[in-house]
Amino acid sequence: MRIRANRNVCIGSGNCVLVAADLFDQDDDAVVVLLTDTPSAAREDAAREAVDRCPSGALSMDEQ
Ligand code: SF4
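Once you know that position 27 of the sequence shown is 38 in my numbering, the rest is easy, because the numbers rise by one and skip nothing.
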């Protein structure tokens, strides 16, 4: 799995950080910062949940 974060689309809601603070952070302007684009197998469900809960469509993933 590979996660992608489009910082130009992020609206800074913070949902992704609430779901997976080990995968996502926010900068001083609340814009998402991807901490890793390749989550461990144990964190793939959390990554999927974060993508699902992103209200702006800034997050996406490639399952390969
Ligand atoms: S959930 Fe989406 S809009 Fe909210 S901070 Fe994360 S990437 Fe940005």
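Note that CB positions come from ideal geometry on N, CA and C, so glycine has one too.
Cβ-heavy atom distance, residue i to the ligand SF4, below 6 Å
i	result
V43	yes
N26	yes
I22	yes
S51	no
L70	yes
Three-state class that DSSP yields for residue i in the structure shown
i	result
A69	coil
R13	strand
D40	coil
L29	helix
Contact with chain B by residue i, beta-carbon distance below 7 Å
i	result
D63	Among the chains in the structure shown there is no chain B, since it carries only a single protein chain.
Distance between beta carbons of residue j and residue i, contact taken as under 8 Å
i	j	result
E74	M12	6 Å
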